[in-house]
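Trainee: The listed protein sequences derive, respectively, from chains A and B. For the first sequence, my numbering begins at 17 and goes up steadily by one. For the second sequence, my numbering begins at 815 and goes up steadily by one. Even for Gly, the Cβ is constructed at its ideal location relative to N, Cα and C.
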Amino acid sequence: MEHIYLDYASATPIDSRVLDFSRRYLEDMMGNPSSLHSLGLQAKKAMEESRGKIADFINAENESTILFTGSATESNNLAIQGCAFRNKDKGQQVAASAIEHISVLNPMKYLQKNGFTFSLIPVDPQGLVDLEQLEKIVTKETLVTSIMYANNEIGTIEPIKEISTLVHEKGRYLHVDAVAAGGYVPLDVQKDNIDLLTLSSSALYGPPGAGVLYVKPGIKLQSILPGGGQERGLRSGSENIFALAGMGEAARIAKKERVKETSRLQNIRDNLIEGILKIEDAYLTGHPTLRLPHHASFRFSYIEGESILLSLDMYNIQVATGSACTSRTLEPSHVLLAIGLKHEEAHGSLVLTLGRSNTSKEVPHIVTAVGDTVKKLRDLSPLYKKKT
Amino acid sequence: MIGMAQNIGYSKKVMDHFLNPRNVGEIKNPDGYGKVGNPVCGDIMEMYIRVKDDHITDIKFKTFGCGSAIATSSMVTEMAKGLHVDEALGITRNDVAGKLDGLPPQKMHCSNLAADALHEAIKDYQKKKQNK
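(1) Is any beta-carbon of chain B found at less than 7 Å from that of A/GLU322?
(2) Near A/LYS403, what residues of its chain come up, given a Cβ to Cβ distance below 6 Å and the 5 sequence neighbours on each side ignored?
(3) Going along the region 825-850 of chain B in order, which residues come within less than 9 Å of chain A, judged by CB to CB distance?
(4) What does A/PRO398 reach in chain B if we use C-beta pairs closer than 8 Å?
(5) Counting only the same chain and skipping the five closest in sequence on each side, list residues whose C-beta sits under 8 Å from that of A/GLY253.
(6) What is the DSSP secondary structure of A/GLY244, reduced to helix, strand or coil?
(7) Applying the 10 Å Cβ sphere with the 16-neighbour rule, what's the burial state of A/MET45?
(8) Going by beta carbon distance, what residues of the same chain come within less than 8 Å of B/MET818, once the five residues before and after it are set aside?
(9) Assign A/HIS53 to one of two classes, buried (16 or more other C-beta atoms within 10 Å of its C-beta) or exposed (fewer than that).
(10) If you follow the alpha helix (DSSP H) that A/PHE258 is part of, which residue opens it and which one closes it?
(11) What residues in the region 346-376 of chain A bring their beta carbon closer than 7 Å to a beta carbon of chain B?
(12) Give me the chain A residues within the contact set of B/ILE884, using Cβ-Cβ distance strictly less than 7 Å, ordered along the chain.
(13) Shorter than 7 Å from the beta carbon of B/LEU932 to some beta carbon of chain A?
(14) By DSSP, does B/SER825 sit in helix, in strand, or in coil?
(15) Name the two residues that bound the continuous beta strand (DSSP E) containing A/TYR299.
(16) Rounded to whole angstroms, what's the CA-CA distance from A/SER279 to A/LEU368? Just pull it up for me.
(17) Quick check on DSSP: helix, strand or coil for A/THR155?
(18) Do we get a CB-CB distance below 7 Å when we pair B/GLY916 with the residues of chain A?
(19) Bridge partners of B/MET861, per DSSP?
(20) Return the CA-CA distance between A/GLU65 and A/MET263, expressed in angstroms with no decimal places.
(21) Taking CB distances under 7 Å as the criterion, tell me whether B/GLY896 reaches chain A.
(22) With 16 as the cutoff for other CB atoms within 10 Å, does A/VAL275 come out buried or exposed?
(23) Within the 7 Å Cβ cut-off, does B/GLY823 reach chain A?
(24) Where does A/VAL120 fall in DSSP's three states?
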């Protein structure tokens, strides 16, 4: 039986069209874009074309707003540390929603150790940022407020336009981690008035090893990676042309195919949710409607997520969980705790994220496998017995 | 059959006991009952034993937890069945992990409570016997 891969939020394969487009930058003699000879100029041109495609993908003012990095983690670090250190004469505070990715939260904790105040903005039980709290927490002292466009674990899409208005009224700069949202919602940094935005190539069916930070014209950052001064002095290091050029092509394809592909995925997703919620004591996590079109996430009472993951793997179905038992820290997912789940509830989480390989034909098999798995694990569970 | 799950670091024996756990269930009016863990840490194990002439003649378990929690529970029931209770008290966490061809390091302390649950059940039996 073929794999049924339902973990696209963790990794997407490279699109074969992107690979075909970009392989020349691995196979052929390519110059260093900093070199002045003709091959160097060719490499530079490939990068600039890619910048243009990505600017188009997020409707940026121009292509020089697009900075290439090596990963979304690096983009988040550059946005947060770079903005805070460069503008520290204007304030000493940073803020983030409680459900941000660890690569946003940890740079903020690092700033906290270096004299900044770090404030967490709570979310409601469906994962929407608490706007009243945001208004209270964010002030002119708050250099960077970081709110993700959509959450990778519970799928909730944040009201970025409203958040942007509030942040610019009360505070200073808005950073948006759009890694989970990229390719699934239309991104428009001008309409939403976003100052800094993070994208990942590998979340867009692009090559791994490339990330982007969009920087609104006029915003000043400090480099966190000193060296040869590539990327306007903000991200030194010889460019990975293969990955950077491929990311642009991936963004171009994602934009072109977004509407059709997301409606296809949403249809499968809705059938999956409908089927799985028929299981006793199964609950959707995240928002029922304001959610990513390819994202279905659940929790099941009385059982644990790693067991669910392992068991589904035996059906050749690959999934994710926020259970403590799969994390390095042995703590349950901070996202599930932030939406108010108890530890034992967070343990029973299941995250399904769909992508290009999935079809509606797979739905009955998945629903049956999840149902059988839940039943089997509950038969083993001392917590389940207590109920009946 | 056992494919990608091994990437998590589980041995074939762990996966076998996780997928086909032995001695699952409860014993009515057991001679000994033990319970360890709590839902916050993520693992709860219940162990039931039937004892005749100080030998464990039957043993059942129920476990809430990850793959290794279920596999260690299943393995300890196999190891303890038929043993004299004093021998069964000698079964350590390391013995259980060893019989399963090892556990990933991060699972050694958190999901390896099965021997503890067995010991609790035996102590319960011994206490009941004294009180008779």
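Mentor: A quick look at the data gives this:
(1) Any Cβ of chain B closer than 7 Å to the Cβ of A/GLU322 would place that residue at the interface, and such an atom is present.
(2) Low local confidence applies: a pLDDT of 49 at A/LYS403 is under 50, so the model's placement there is unreliable, with the coordinate-based value given in what follows. Sequence-distant Cβ neighbours of A/LYS403 in its own chain, meaning closer than 6 Å and more than five residues away, do not exist here.
(3) MET829, PHE832, LEU833, PRO835, VAL838, GLY839, GLU840, LYS849
(4) Residues of chain B whose Cβ lies closer than 8 Å to the Cβ of A/PRO398 are, in chain order, LYS849, ILE858, MET859, GLU860, LYS876, THR877, PHE878.
(5) GLY86, LEU241, GLY243, GLY244, GLN246
(6) Residue state for A/GLY244 is assigned as coil, using DSSP reduced to three classes.
(7) exposed
(8) Per-residue confidence for B/MET818 stands at a pLDDT of 42, beneath the threshold of 50, marking its modelled position as unreliable; the derived number appears in the next sentence. Nothing meets the Cβ criterion.
(9) Counting Cβ neighbours within 10 Å, A/HIS53 comes out exposed, since fewer than 16 surround it.
(10) That run of the alpha helix (DSSP H) goes 257-292.
(11) LEU346, HIS359, GLU360, HIS363
(12) SER323, LEU396
(13) It does not; no Cβ of chain A falls within 7 Å.
(14) coil
(15) 298-300
(16) Approximately 17 Å between the Cα atoms of the pair.
(17) For A/THR155, the secondary structure class from DSSP, reduced to helix, strand or coil, is coil.
(18) no
(19) B/GLY848, B/PHE875
(20) When rounded, the distance between both Cα atoms is 11 Å.
(21) no
(22) exposed
(23) no
(24) helix
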